[in-house]
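J.:
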Amino acid sequence: MSFIYFLLILMGVISIHEVGHYVFAKLFKVRVLEFALGFGPKIYEKKGKETSFRVNVFPIGGYVRLAGEDLSEARDAADEHSLYGKPAWQRLLISLAGPLFSIATGYLLFVIIVAAWGVPSVAVDLVQPNSPAQEAGLMAGDVILEVNDRRVYDSYSISDVIKKGKPVRLTVLRNGRKVSLTVIPRLFEESHFLVMRDVTGDVEEEIQSISGKPLTKENIESFVKQYVSLEFQSTTLKGLLSEYYYDGPRYAIGIYFTVVSNVIQRKIPPFEEGDILLSVEGMEVKTSLDLSRVYQLILAGEGGAIVETDSTRVSWWRKGFGNSVNVEVLRNSRIMNMSVPTPALKILLETAGAFKLGVQNIKPQTVFETIATSFDRCNSVLPLMWKSILGIFRRDEEAGIVGPVCLISLIGEATKVGLEQVLTLIVFITMSLGVFNLLPLPALD
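The sequence shown begins at 90 in the numbering used here and counts up by one.
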């Protein structure tokens with residue numbers, strides 16, 4: 090079903106793009122010979138007065154064929170209905186019309202999305218003790234509206250400003266009131282994330298060495314897929330180092346952002362809609378970070394362990410879960426304790442839309458505010474798309490571009506969550522197509 094949704098969305102996005110070329114060609118009285126969706130042999134055709142409308146067998150693109158544009162044909166500048174019989178500025182507008190229609194459609198869809206559902210807000214899930222955020226007075230539950238007097242809609246925009254290391258002015262919504270704060274980012278130490286299997290032993294606060302060597306990125310990476318010893322002052326944790334992730338020194342303020350709450354909104358046995366997940370194996374579950382750690386411990390499995398460090402200091406660690414876990418939920422105002430098969434809990438955590446969002450969207454109050462907010466939201470997205478597309482040519486692994494298989498998966502997940510997510514994904518697809526086709530590469534269009 091996801092593949093069918095993918096084809097419908099793809100053909101819709103391509104249709105809008107090609108309509109842009111078609112409309113401007115007709116506007117400037119250029120003869121349109123063919124309007125096609127897809128490539129290859131035709132499976133449907135309807136002939137108009139001068140245009141053949143086709144649907145072709147391979148739905149991976151589309152094209153508008155104009156009189157005089159084929160390089161193999163003689164160009165007759167005297168033919169007023171030929172592409173090259175038109176002034177250069179008209180030919181340019183016909184060429185740009187497709188990308189501009191795609192981008193304009195993104196803006197229009199965002200207006201509809203904002204009017205119907207509002208705009209995402211970024212909430213603080215957790216404030217680390219003794220962090221710059223705590224010192225500045227930032228609190229869990231605060232909704233960050235502005236950073237340096239600019240409206241923000243996602244955590245990435247906030248992180249991009251913070252990582253520069255300069256003082257940051259925040260405007261937050263707290264209990265219905267706007268509060269202004271200034272936070273000075275601090276340079277945080279490097280952090281290590283180790284996933285181990287077949288573990289024995291215990292941990293202490295400070296790691297002295299790993300298998301006799303200093304705890305550095307290079308040394309840890311050299312031990313991946315090998316048995317290691319994390320050596321402390323009076324104990325040792327031994328096991329197979331199966332995975333390792335590293336985060337280098339960076340400027341931060343010491344907060345975690347809200348993604349989802351611990352409120353279950355879909356019936357996924359043995360969990361019921363409305364259940365509030367309180368704890369798993371005695372581990373309190375309140376924040377998005379807690380849910381993430383529960384999932385990591387499921388993946389670590391019985392006999393496994395996860396160790397997180399700030400430099401050499403252990404910031405968090407726990408042994409993995411076995412085949413079943415003790416889960417505490419609040420159901421109909423009563424606390425219930427259940428023994429849940431670990432695979433069932435894993436399904437819950439992997440299901441899109443299983444948990445309620447941790448913070449509600451904010452809806453504009455007037456039509457003008459709706460349009461202004463929608464355009465501002467789009468304007469904030471376009472530079473990210475441009476950066477991602479340029480990353481392809483720089484071979485940047487973090488460019489953020491996904492292929493068709495991943496896109497099919499994303500569309501499938503979005504359809505499970507709701508119409509808002511589907512429309513938002515369509516916005517990103519159509520605007521990405523528009524931006525990509527603005528690049529001076531003839532083969533793109």
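Even glycine gets a Cβ: it sits at the ideal position worked out from N, Cα and C. Every value quoted in this text rests on a predicted model; they were computed, and no experiment measured them.
Excluding the five sequence neighbours on either side, which residues of its own chain have a C-beta within less than 6 Å of the C-beta of G157, listed in chain order?
T.: On the sequence shown, residue 157 is found 68 positions in, with the first residue counted as 1. Taken in chain order, the residues that qualify are R164, S171, L172 and Y173.
J.: Just curious, the beta strand (DSSP E) that A537 is in, first and last residue?
T.: Past the boundaries of the shown model lies residue 537; the chain is included only from 90 to 534, so the question cannot be answered.
J.: Which value, in whole angstroms, describes the spacing of the CA atoms of H281 and L419?
T.: As a first step, residue 281 is located in the sequence shown; it is residue number 192 there, counting from the start. As a first step, residue 419 is located in the sequence shown; it is residue number 330 there, counting from the start. Distance between the alpha carbons of H281 and L419: 34 Å.
J.: What span of residues does the beta strand (DSSP E) with S428 cover, start to end?
T.: Against the sequence shown, residue 428 aligns to sequence position 339. First-last of the beta strand (DSSP E) with S428: R423 to P430.
J.: What is the residue span of the beta strand (DSSP E) that I344 lies within?
T.: Reading the sequence shown from its first residue, position 255 is the one you call residue 344. Note, I344: beta strand (DSSP E), I344 to F346.
J.: Rounded to a whole number of angstroms, what is the C-alpha to C-alpha distance between L99 and V288?
T.: Here residue 99 refers to the residue found at position 10 of the sequence shown. Here residue 288 refers to the residue found at position 199 of the sequence shown. Distance between the alpha carbons of L99 and V288: 48 Å.
J.: Hey, out of N351, S350, E439 and D231, whose CA is closest to L388's CA?
T.: Translated into positions along the sequence shown, residue 388 becomes position 299. Here the closest residue by C-alpha is E439.
J.: Look at the alpha carbon of A394 and the alpha carbon of E320, and state the distance between them as a whole number of angstroms.
T.: Position 305 of the sequence shown, counted from the start, is the residue given in the question as residue 394. Position 231 of the sequence shown, counted from the start, is the residue given in the question as residue 320. The straight-line gap from Cα to Cα measures roughly 15 Å.
J.: Less than 8 Å between the C-beta atoms of W405 and E397, yes or no?
T.: In the sequence shown, the residue the question calls residue 405 occupies position 316. In the sequence shown, the residue the question calls residue 397 occupies position 308. Yes, the Cβ-Cβ distance between W405 and E397 is below 8 Å.
J.: What is the DSSP secondary structure of G489, reduced to helix, strand or coil?
T.: As a first step, residue 489 is located in the sequence shown; it is residue number 400 there, counting from the start. Residue confidence for G489 is low, a pLDDT of 49 falling below 50, so the modelled location carries little weight; the figure read from the coordinates is stated next. DSSP places G489 in coil when its eight states are reduced to three.
J.: Quick check on G501: does DSSP put it in helix, strand or coil?
T.: As a working note, residue 501 is residue 412 in the sequence shown. Correct three-state label for G501: helix.
J.: Counting C-beta neighbours from all protein chains within 10 Å, is the total for A205 16 or more, i.e. buried, or is it exposed?
T.: Here the question's residue 205 lines up with position 116 in the sequence shown. When all chains shown are included, A205 counts as exposed.
J.: Helix or strand or just coil, what does DSSP make of K327?
T.: Within the sequence shown, numbered from 1, the residue matching residue 327 stands at position 238. The answer is strand: DSSP assigns K327 an E or B state.
J.: Under 7 Å Cβ to Cβ from F277, same chain only, skipping five residues before and after it: list those, please.
T.: The sequence position of residue 277 within the sequence shown is 188, counting from 1. P338, R339 and A341, listed in sequence order.
J.: Spell out the partners DSSP gives V112 in its beta bridges.
T.: For the purposes of this step, residue 112 is identified with residue 23 of the sequence shown, where counting begins at 1. V112 pairs with nothing; no bridge assigned.
J.: Considering only residues of the same chain and omitting the five flanking positions on each side of T401, which have a CB-CB separation below 7 Å?
T.: The residue labelled residue 401 in the question sits at position 312 within the sequence shown. The answer, listed in chain order, is E295, I296 and L304.
J.: Please tell me whether L446 and S350 are closer than 8 Å, where the distance is taken between their beta carbons.
T.: Position 357 of the sequence shown holds residue 446. Position 261 of the sequence shown holds residue 350. Contact flag set, yes.
J.: Under 8 Å, do V261 and D231 count as touching if we go by C-beta distance?
T.: Position 172 of the sequence shown, counted from the first residue, corresponds to residue 261. Position 142 of the sequence shown, counted from the first residue, corresponds to residue 231. Yes, the pair counts as a contact, with Cβ atoms nearer than the cut-off.
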